[in-house]
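Read through the structure below, which is laid out as structure tokens, and then see the notes.
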Amino acid sequence: MDSPLLLSSVPSGAQQDEEDHDPIKDLTVQEQSNLISSLPKREGWMRVLRRYQGFWISDVAIPRLMAIQAHFKPRPTDVILVTQPKAGTTWLKALAFAIVNRSNYSFSQHPLLSRNPHECVPFIDLPYVGGHAADYKSLAQPRLLATHIPYSLLPASVADSDCRLVYLCRDPKDVLVSLWHFMKAMKPEIMELSPAFEMFCDGATPYGPVWEHNLEYWRESLRRPEKVLFLKYEEIVAEPMRSVKSLAEFMGCPFSEEEERDGAVEEVVRLCSFEKLSSMEVNKRGVGLMGGVTIQQANFFRKGKVGDWVNHLSRDMAERLDRLVHEKLNGSGLTFQLGYFRDFVLAGRTEGAGEILLVDGSAALGSHHHGDEDGRSMATLPLVPTAMAMKKG
Numbered sequence: 001m002d003s004p005l006l007l008s009s010v011p012s013g014a015q016q017d018e019e020d021h022d023p024i025k026d027l028t029v030q031e032q033s034n035l036i037s038s039l040p041k042r043e044g045w046m047r048v049l050r051r052y053q054g055f056w057i058s059d060v061a062i063p064r065l066m067a068i069q070a071h072f073k074p075r076p077t078d079v080i081l082v083t084q085p086k087a088g089t090t091w092l093k094a095l096a097f098a099i100v101n102r103s104n105y106s107f108s109q110h111p112l113l114s115r116n117p118h119e120c121v122p123f124i125d126l127p128y129v130g131g132h133a134a135d136y137k138s139l140a141q142p143r144l145l146a147t148h149i150p151y152s153l154l155p156a157s158v159a160d161s162d163c164r165l166v167y168l169c170r171d172p173k174d175v176l177v178s179l180w181h182f183m184k185a186m187k188p189e190i191m192e193l194s195p196a197f198e199m200f201c202d203g204a205t206p207y208g209p210v211w212e213h214n215l216e217y218w219r220e221s222l223r224r225p226e227k228v229l230f231l232k233y234e235e236i237v238a239e240p241m242r243s244v245k246s247l248a249e250f251m252g253c254p255f256s257e258e259e260e261r262d263g264a265v266e267e268v269v270r271l272c273s274f275e276k277l278s279s280m281e282v283n284k285r286g287v288g289l290m291g292g293v294t295i296q297q298a299n300f301f302r303k304g305k306v307g308d309w310v311n312h313l314s315r316d317m318a319e320r321l322d323r324l325v326h327e328k329l330n331g332s333g334l335t336f337q338l339g340y341f342r343d344f345v346l347a348g349r350t351e352g353a354g355e356i357l358l359v360d361g362s363a364a365l366g367s368h369h370h371g372d373e374d375g376r377s378m379a380t381l382p383l384v385p386t387a388m389a390m391k392k393g
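Once you know that position 225 of the sequence shown is 225 in full-length UniProt numbering, the rest is easy, because the numbers rise by one and skip nothing.
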């Protein structure tokens, strides 16, 4: 269990207008505890979730979030990677780290061959555990940091700075399945998938609702495309080379023509592939500590596939979640390639199962992609076949 934090108050000599004063900064440990315990709560996931400033945050993460809101000051050169939990966080960290540091390490002696990506790119909130403020002075510039914090809950210092944000989202159905497996591996006694699905549809997941989290960064990417890059997991899977080059350009370290001729882009893609990372000894048998919780590194590498939800969600569940997400995103310009299995019949029949029917149309994927000079979106994914066999009876 994380230690409670005593947040420092605003210095008495500071000249601050009354409307700028943030009472959260002045909370004592007891007042902070009382505030958190008074918030609406939901149980079922690994930790108790509290409704804080419009989002569901675990009760042990809220003190860290308060500390970040009060104290975190980004540098203009910082690059902050943002995801919903289990939306491709580990992969994005690996890609960004490999891109930024490609001139510092050879691909044959790379830190990612011996260290988990979460060790290479720290979360901005975890160093606040136990009341200790984060110290990132030793990190080389540009500093790579990560967070799951919704945009509206980030400290104002982030929006006011010149730092860059890279946001990665993923089909909510795959997010749900991956999140449930991840937490089930760490705490087997958590709820089964059906109640987890209901909570997900209610928006009650860590840093959820997922769609609100997505929308906040989507809108900010439209408002400040030079500072906020919005990516989709499925797009990177479909075109990893193109995605890596776009990410490098956005982060201010584009590949030179010589690097491209020498295969540097391919090397980054190969180094950061699921197959490569999951086969590393440190990721197969290593153990890490995250937020006071011991985690088997292998838990970060389950499948990494697009569409694994088909092996876990019924047709009714998939259709219901697709409709919900479509309604929540309607009118925003943000779309996912939402699909369910045509002729997906549970009553013992398997004829025709295995073809994805696009709900939002084939143009859904990649409808907005920064870095396309000619304005064209990235290619859509083909229909996804399944190897799942439906047993009779």
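Even glycine gets a Cβ: it sits at the ideal position worked out from N, Cα and C.
Using the Cα positions of residue i and residue j, report the straight-line distance between them to the nearest angstrom.
i      : j      : result
Leu113 : Leu35  : 44 Å
His72  : Val60  : Note that residue 72 is Phe in the sequence shown, not His. Taking the straight line joining both Cα atoms gives about 18 Å.
Glu226 : Ile62  : 30 Å
Pro74  : Ala98  : 21 Å
Leu271 : Pro117 : 12 Å
Glu43  : Trp309 : 23 Å
Val29  : Ala264 : 50 Å
Leu39  : Glu31  : 13 Å
Val244 : Leu193 : 34 Å
Ser273 : Lys93  : 12 Å
Leu222 : His213 : 15 Å
Phe255 : Thr77  : 18 Å
Glu267 : Ser37  : 49 Å
Arg261 : Tyr136 : 35 Å
Arg164 : Cys253 : 13 Å
Leu144 : Gly331 : 33 Å
Arg115 : Ser108 : 14 Å
Glu257 : Glu249 : 13 Å
Arg323 : Glu119 : 38 Å
Lys284 : Arg102 : Confidence at Lys284 is low in this model, with a pLDDT of 49, below 50, so the placement of that residue is unreliable and no value is reported for it.
Ala70  : Arg224 : 24 Å
Gly54  : Glu259 : 45 Å
Apart from the five residues just before and just after residue i, which ones in its own chain have a Cβ nearer than 7 Å to its Cβ?
i      : result
Glu220 : Tyr151, Val228
Met46  : Met183, Met186, Lys187, Ile190
Ala204 : Arg42, Leu49, Trp56
Tyr105 : Pro111
Met199 : Arg42, Gly44, Thr205
Lys173 : Trp309, Leu313, Ala318, Leu321
Ala140 : none
Gly88  : Leu168, Arg170, Tyr233
Val175 : Gln84, Lys86, Ala87, Val210
I believe residue i touches residue j by the beta-carbon criterion, under 8 Å. Please report the beta-carbon distance rounded to the nearest angstrom.
i      : j      : result
Pro85  : Pro240 : Contact doesn't hold; Cβ gap of about 22 Å is too wide.
Ala159 : Leu81  : With a Cβ gap of about 17 Å, Ala159 and Leu81 do not count as contacting.
Leu277 : Leu95  : Not confirmed; about 10 Å, so no contact.
Val100 : Met251 : 6 Å
Gln337 : Asp171 : 7 Å
Tyr167 : Phe230 : 5 Å
Trp211 : Val79  : The pair is not a contact, with the Cβ atoms about 25 Å apart (cut-off 8 Å).
Ile68  : Pro155 : 6 Å
Apart from the five residues on each side of it in sequence, which residues of its chain come closer than 8 Å, Cβ to Cβ, to residue i?
i      : result
Lys184 : Ile190
Leu65  : Tyr52, Ile57, Asp125, Ile149, Leu153
Met317 : Phe197
Glu216 : Pro150, Tyr151, Ser152
Ser157 : Phe72, Lys73, Pro74
Val269 : Pro240, Met241, Val244
Leu329 : Trp211, Asn214, Leu215, Thr335, Phe336
Going by DSSP, what residues sit across from residue i in a beta bridge?
i      : result
Gly208 : Trp56
Lys232 : Cys169
Ala146 : Leu81, Phe123
Starting from the C-beta of residue i, find all residues in its chain whose C-beta is less than 6 Å away, skip the five residues before and the five after it, and write them out in chain order.
i      : result
Arg334 : Sequence inspection shows Leu at residue 334; the Arg mentioned does not correspond to that position. So the qualifying residues of the chain are Trp218.
Asp162 : Pro76
Trp91  : none
Pro142 : Thr77, Val79
Gly208 : Trp56
Relative to the ligand FMN, is the shortest distance from any of its heavy atoms to the C-beta of residue i smaller than 7 Å?
i      : result
Cys163 : The ligand FMN is not part of this structure, which contains no ligands at all.
Just checking: is the beta-carbon of residue i within a distance shorter than 8 Å of some beta-carbon in chain B?
i      : result
Val306 : The chain labelled as chain B is not found in the depicted structure, where only one protein chain is given.
- Task: Return the chain-ordered ranges of every beta strand (DSSP E) run that is complete within the region 162–187 and spans a minimum of 3 residues.
- Result: 164–169
- Message: Threshold first: 4 residues or longer. Then list the alpha helix (DSSP H) segments lying entirely within the region 41–110, N to C.
- Response: 62–71, 89–100
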